[in-house]
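Trainee: This is the structure I have questions about; it appears just below.
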Amino acid sequence: MTGRKTEAAKSEDLAQLNTRDRILAVARSIVDEKGEAAATMKAVAKGAGVSRQAVYLHFSDRSQLLSALSDYIDEKLGIGDWMEQIEALDSGIAMLRMLAVTRCQRSVGLVTLVRSVESGRFRNQAASSAWFRRHWWNIAWVERVIVRQLHTEGLLHPSWIMRDAATFLVTLFALRNWDDLTQVGGWSTDHYIETLSAVAVAALTSPNTLPKDDAAGSDKTGR
1 MTGRKTEAAK SEDLAQLNTR DRILAVARSI VDEKGEAAAT MKAVAKGAGV SRQAVYLHFS
61 DRSQLLSALS DYIDEKLGIG DWMEQIEALD SGIAMLRMLA VTRCQRSVGL VTLVRSVESG
121 RFRNQAASSA WFRRHWWNIA WVERVIVRQL HTEGLLHPSW IMRDAATFLV TLFALRNWDD
181 LTQVGGWSTD HYIETLSAVA VAALTSPNTL PKDDAAGSDK TGR
């Protein structure tokens with residue numbers, strides 16, 4: 001009886017949403033319960049009580065649906081404006097720290113989706129398209145906002161190419177690193193934020209290659 005009431009309550013909640021949000025809410029539920037591969041257009045349409053044509057009206061393909069789902073979850077976590085908050089800062093160092101803070105906040109809500117998409121991105125076309133679209137969009141944004149601010153302040157070491165610096169930051173703050181460090185390694189949120197912020201600053205304000213003597217020494221040690 002309780003289960004029936006719960007399902008009825010869920011249906012009633014969904015009915016209050018517009019079609020697009022209803023589709024995204026159902027997609028999120030499916031991903032959380034069964035993984036990204038189960039969130040087919042057919043399954044999402046059925047769960048949302050709409051036709052597949054209605055789903056395609058809002059999302060041209062499944063990769064676009066998965067990409068939109070990330071933004072939807074941000075909104076539900078109450079951090080949908082995290083990019084605007086970072087852009088409003090006038091310090092590159094502050095931007096890097098805020099990036100670490102929001103990475104933690106977003107990872108909590110996005111962990112199931114990102115784990116699923118990343119595990120399937122080399123064997124699933126929709127997951128692959130969603131991952132690459134998001135990945136390169138993030139790199140372009142980080143370059144335009146954070147790296148450019150560091151460059152403007154004279155903090156970015158001249159040996160860094162701006163696109164390389166942005167790619168480094170996106171990779172450093174990727175959810176898989178947060179996952180390994182906090183969920184597996186046991187790092188606290190504060191330790192993650194302070195350590196990765198410091199790593200980012202140290203890396204980008206220093207040469208992006210080892211001095212030749214150090215590189216040679218490292219090679220000899222490896223042998």
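Per full-length UniProt numbering, the sequence shown starts with residue 1, numbered consecutively.
From the three backbone atoms N, C-alpha and C, an ideal C-beta is built for every residue, glycine too.
Take Gly109 and list the residues in its own chain whose beta-carbon comes closer than 6 Å to its own, dropping the five residues that flank it on each side.
Mentor: Numbered from its first residue, the sequence shown carries residue 109 at position 109. Result list for Gly109: Ile73 and Leu77, in chain order.
Trainee: Could you pull the start and end residues of the alpha helix (DSSP H) that Val199 belongs to?
Mentor: In the sequence shown, counting from the first residue as 1, residue 199 sits at position 199. Where Val199 is concerned, the enclosing alpha helix (DSSP H) stretches over Thr189 to Leu204.
Trainee: Just reading off the alpha helix (DSSP H) that residue 224 is part of, what are its end residues?
Mentor: Nothing in the structure corresponds to residue 224, since the chain is present only between 1 and 223.
Trainee: Below 7 Å CB to CB, which residues in the same chain sit around Thr209 once its five sequence neighbours on both sides are set aside?
Mentor: Counting from one through the sequence shown, the residue named residue 209 turns up at place 209. Hits under 7 Å: Ser159.
Trainee: To the nearest angstrom, how far is the alpha carbon of Thr2 from that of Gln16?
Mentor: For the purposes of this step, residue 2 is taken as the residue at position 2 of the sequence shown. For the purposes of this step, residue 16 is taken as the residue at position 16 of the sequence shown. Summary for Thr2: the model assigns pLDDT 40, below 50, so the residue's position carries little reliability; its value from the coordinates is reported in the next sentence. In a straight line, the C-alpha of Thr2 is about 22 Å away from that of Gln16.
Trainee: Anyone know if the C-beta pair for Ile23 and Ala43 falls short of 8 Å?
Mentor: Taking the first residue of the sequence shown as position 1, residue 23 is located at position 23. Taking the first residue of the sequence shown as position 1, residue 43 is located at position 43. No, the pair does not count as a contact, with Cβ atoms beyond the cut-off.
Trainee: Grouping DSSP H, G and I as helix and E and B as strand, with all else coil, what is Thr40?
Mentor: For the purposes of this step, residue 40 is identified with residue 40 of the sequence shown, where counting begins at 1. Coil at Thr40, not helix or strand.
Trainee: Specify the secondary structure class of Ala174 as computed by DSSP and reduced to three states.
Mentor: By one-based count along the sequence shown, residue 174 stands at place 174. Coil, per DSSP.
Trainee: Report yes if the C-beta of Leu172 is less than 7 Å from at least one heavy atom of the ligand MG; otherwise report no.
Mentor: The model on display carries no ligand, and the ligand MG is accordingly not part of it.
Trainee: Count the other CB atoms within 10 Å of the CB of Arg106; is the residue buried (16 or more) or exposed (fewer)?
Mentor: Walking along the sequence shown from the start, residue 106 turns up at place 106. Under this definition Arg106 is a buried residue.
Trainee: Terminal residues of the continuous alpha helix (DSSP H) containing Ser63?
Mentor: Locating residue 63 in the sequence shown gives position 63, where the first residue counts as 1. First-last of the alpha helix (DSSP H) with Ser63: Arg62 to Leu77.
Trainee: So, under 8 Å CB-CB, Ile86 and Val145 are touching, yes? Tell me the CB distance rounded to an integer number of Å.
Mentor: To locate residue 86, count along the sequence shown from 1; it is residue 86. To locate residue 145, count along the sequence shown from 1; it is residue 145. Confirmed, Cβ separation roughly 7 Å.
Trainee: For the region 148-156 against the region 88-100, are there 3 or more C-beta pairs whose distance is under 8 Å?
Mentor: A contact exists between the region 148-156 and the region 88-100.
Trainee: Just the C-alpha distance for Ala198 and Ser70, rounded to the nearest angstrom, thanks.
Mentor: Stepping through the sequence shown from its first residue, residue 198 is reached at position 198. Stepping through the sequence shown from its first residue, residue 70 is reached at position 70. C-alpha separation (whole angstroms): 27 Å.
Trainee: Please report how far the alpha carbon of Ser128 lies from the alpha carbon of Tyr192, in whole angstroms.
Mentor: The count along the sequence shown starts at 1 and reaches residue 128 at position 128. The count along the sequence shown starts at 1 and reaches residue 192 at position 192. Each residue's Cα considered, the two are about 28 Å apart.
Trainee: Within 10 Å of its beta-carbon, does Thr195 have 16 or more other beta-carbons around it, so buried, or fewer, so exposed?
Mentor: One-based indexing of the sequence shown puts residue 195 at position 195. Exposed: under 16 other Cβ atoms inside 10 Å.
Trainee: Along the alpha helix (DSSP H) that carries Leu57, what are the first and last residues, could you check?
Mentor: One-based indexing of the sequence shown puts residue 57 at position 57. Segment Arg52 to His58, the alpha helix (DSSP H) holding Leu57.
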